[in-house]
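**Q** Below are the structure tokens for one structure; questions will follow.
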Amino acid sequence: MTPLSDARVRELEALCHAFRVETIELLHRVQTGHAGGSLSACEILTVLYMECANIGPENMDAPDRDRIVLSKGHGAPMLYWCLCERGFFPKEEMNTLRQLGSRLQGHPCMTKTPGVELSTGPLGLGLSASVGMACANRLMKNDAYVFTVLGDGELDEGTVWEAAMSAAKFACDHLVAIVDWNKVQLDGFTNDVMPIGDLRAKWMSFGWNVWECDGHNIGQLYECMESAKEKKNGRPCVILANTVKGKGVSFMENTNKYHGKAIDDSEYARAMAELEGEKA
Ligand SMILES: Cc1ncc(C[n+]2csc(CCOP(=O)(O)OP(=O)(O)O)c2C)c(N)n1
Ligand SMILES: [Mg+2]
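Residue numbers for the sequence shown, in this note's numbering: 76 to 355.
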């Protein structure tokens, strides 16, 4: 595997910075939406959509396209920025986020929103559906990958582990799960709500290949995703991406306070001053 060039890494970093600014502006303007989990998943979704997954408006109807499932559906704003960037719908439509009648609801809708592979929102469903997609691909002889992005709080759902066992049993080696491992969920720190133990050992014991990386490092994410695609030992793959909830805005980082809270005017001004300062 050839690593991404420095120039491409810098381009994607700039894109992620723009996504962060646009997310804060948008969520402040519409006074709704999940900031923390969107900022945390920014690089994961960007590297998937811009580099590692073979998916775009041009092949959306092709059965052998790769699929991306945002199982932590509340991260929808960041997913929508990536879909805009790939040309699935115009950027102006983002202003309709979470409005009545909009195609861009608070959680992704596969029947309304172009590019969305699975409707999500209720946590714990995405991996099961992804196992089904991976098995169907094999039956249909599609050499395609399914990438599924999960939250770490989402791992408290028992269905995730049922799906993990099934993926191993059915030898889904074209399935790549990515855990947005920010250590925080809606109600507080993940370890306080439900201690998850040794996450790496847990996935390995469920029969998965495991990678771990800095989930805000474009180059590392790319290398893990490409290695997972190349690995063919009959086991599904998981990438434990160490992230920071609210990444990029200091007072939103490492807290559940901005999980789903509307951004007020003074928070908006502080966040923008920080983000703009970073760019300069
Ligand atoms: C089945 C289910 N239970 C509860 C919720 C409410 N809820 C939405 S997000 C969330 C926390 C998710 O935490 P995590 O998976 O860590 O996401 P992130 O930190 O990336 O935002 C909860 C409990 C839900 N969407 N679905
Ligand atoms: Mg979390």
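Positions of the beta carbon are idealized from the N, C-alpha and C atoms, including for glycine. Being a predicted model, the structure only gives us computed values, none of them experimental.
Taking 7 Å as the line, does the beta carbon of T265 fall inside it for any heavy atom of ligand 2?
**A** Correct: T265 has its Cβ closer than 7 Å to ligand 2.
**Q** What's the C-alpha gap between W286 and S325?
**A** One C-alpha to the other measures close to 27 Å.
**Q** Go ahead and pull the three-state DSSP assignment for L79.
**A** Looking at L79 - three-state DSSP - the assignment turns out to be coil, as it is neither helix nor strand.
**Q** Give a single yes or no on whether K320 has its beta carbon closer than 7 Å to a heavy atom of ligand 1.
**A** Indeed, a heavy atom of ligand 1 lies less than 7 Å from the Cβ.
**Q** On the three-state DSSP scale, how would you describe I253?
**A** In the structure shown, I253 sits in a strand (DSSP, three-state: E or B).
**Q** Assess, as a yes-or-no matter, whether the region 211–226 is touched by the region 138–145 under the definition of 3 or more beta carbon pairs within less than 8 Å.
**A** Touching, per the Cβ criterion.
**Q** Could I get the ranges of all uninterrupted beta strand (DSSP E) runs contained in the region 225–296, with 3 residues as the minimum, in chain order?
**A** As far as the region 225–296 is concerned, its whole beta strand (DSSP E) runs of at least 3 residues are 250–256 and 284–289.
**Q** Below 8 Å between beta carbons: does that hold for D248 and N308?
**A** Their beta carbons are under 8 Å apart, which means D248 touches N308 by this criterion.
**Q** According to the Cβ coordinates, are Y297 and L79 closer than 8 Å?
**A** Taking 8 Å as the Cβ cut-off, Y297 and L79 qualify as a contacting pair.
**Q** Cβ of G196 within 7 Å of any heavy atom in ligand 2?
**A** It does not: the Cβ of G196 is nowhere closer than 7 Å to a heavy atom of ligand 2.
**Q** Between which two residues does the beta strand (DSSP E) carrying V206 extend?
**A** No beta strand (DSSP E) holds V206; the alpha helix (DSSP H) holding it covers G201 to L214.
**Q** Quick one: is the Cβ of N329 within less than 7 Å of any heavy atom of ligand 1?
**A** Outside the cutoff, so no.
**Q** Between A151, T98, T186 and Y333, which has its C-alpha nearest G263's C-alpha?
**A** Closest option to G263, Cα to Cα, is Y333.
**Q** Cα separation between L114 and T186?
**A** Rounded to whole angstroms, L114 to T186 spans 25 Å at the Cα level.
**Q** Between which residues of its own chain and N292 is the CB-CB distance below 8 Å, once the five residues before and five after are set aside?
**A** Correct list, in chain order: E118.
**Q** Check whether the Cβ atoms of M300 and V122 sit closer than 8 Å, and answer yes or no.
**A** Contact flag set, yes.
**Q** Count the other CB atoms, across all protein chains shown, that sit within 10 Å of the CB of M76; report buried if there are 16 or more and exposed otherwise.
**A** Exposed, by the Cβ-count rule.
**Q** Starting from C159, trace the alpha helix (DSSP H) in both directions and tell me its first and last residue.
**A** A151 to E160 is the span of the alpha helix (DSSP H), which, as asked, contains C159.
**Q** I'd like the span of the beta strand (DSSP E) that includes I314, first residue to last.
**A** It spans C312 to N317 - the beta strand (DSSP E) in which I314 sits, taken as one unbroken run.
**Q** Within the continuous beta strand (DSSP E) that includes I143, where are the two ends?
**A** That run of the beta strand (DSSP E) goes R142 to L145.
**Q** Report yes if the C-beta of K147 is less than 7 Å from at least one heavy atom of ligand 1; otherwise report no.
**A** Under cutoff, so the answer is yes.
**Q** Candidates G148, S241, K216 and F281: which alpha carbon is nearest T195's?
**A** The residue with the shortest Cα to Cα distance from T195 is G148.
**Q** Output the distance between the C-alpha atoms of R310 and N329, rounded to the nearest integer angstrom.
**A** Taking the straight line joining both Cα atoms gives about 33 Å.
**Q** Can Q435 be considered in contact with ligand 1, in the sense that its beta carbon sits closer than 7 Å to one or more heavy atoms?
**A** The displayed coordinates of the chain run from 76 to 355. Any statement about residue 435 would go beyond what the structure contains.
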